[in-house]
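Take a look at the structure below.
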Amino acid sequence: MGDKIQLNLDDFMAGLIRRNPGEVEFHQAVCEVAQTVIPYINLHPKYIRARIMERLAEPDRIIIFRVCWEDDKEII
9 MGDKIQLNLD DFMAGLIRRN PGEVEFHQAV CEVAQTVIPY INLHPKYIRA RIMERLAEPD
69 RIIIFRVCWE DDKEII
């Protein structure tokens, strides 16, 4: 198979910054890792098709909300 797919660091980082604005430390950390990982991924197109960098660079999200518990006597 003559795959000519290439992952570009600048394009990847532009998309990451667009999806995660204002997260400067996160952008820097991802860029440092991507500079090392992207050349390897470009040698193995199966990782590009699997969107490995996009999956690795998806930050964890935490949603916090309050839940009031009542016992059988309706005491919170």
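Following the working numbering from start to finish, the sequence shown increments by one per residue and tops out at 84.
Backbone N, C-alpha and C fix where the C-beta goes; we use that ideal spot for every residue, glycine too.
Computed from a prediction, not measured in an experiment: that's the story for all the values here.
Distance between residue j and residue i (C-alpha atoms, nearest Å)
i: Gly30; j: Asp79; result: 43 Å
i: Ile46; j: Lys12; result: 15 Å
i: Leu15; j: Ala42; result: 10 Å
i: Glu82; j: Arg69; result: 33 Å
i: Glu62; j: Tyr48; result: 15 Å
i: Phe73; j: Tyr55; result: 37 Å
Span of the alpha helix (DSSP H) around residue i
i: Asp19; result: Leu17 to Arg27
i: Lys54; result: Pro53 to Arg57
Cut-off 8 Å between Cβ atoms - residues of its own chain near residue i, not counting five sequence neighbours on either side
i: Ile25; result: His35
i: Asn28; result: Phe34, His35 and Pro67
7 Å CB neighbourhood of residue i in its chain, flanking five on each side removed
i: Val38; result: Leu24 and Ala65
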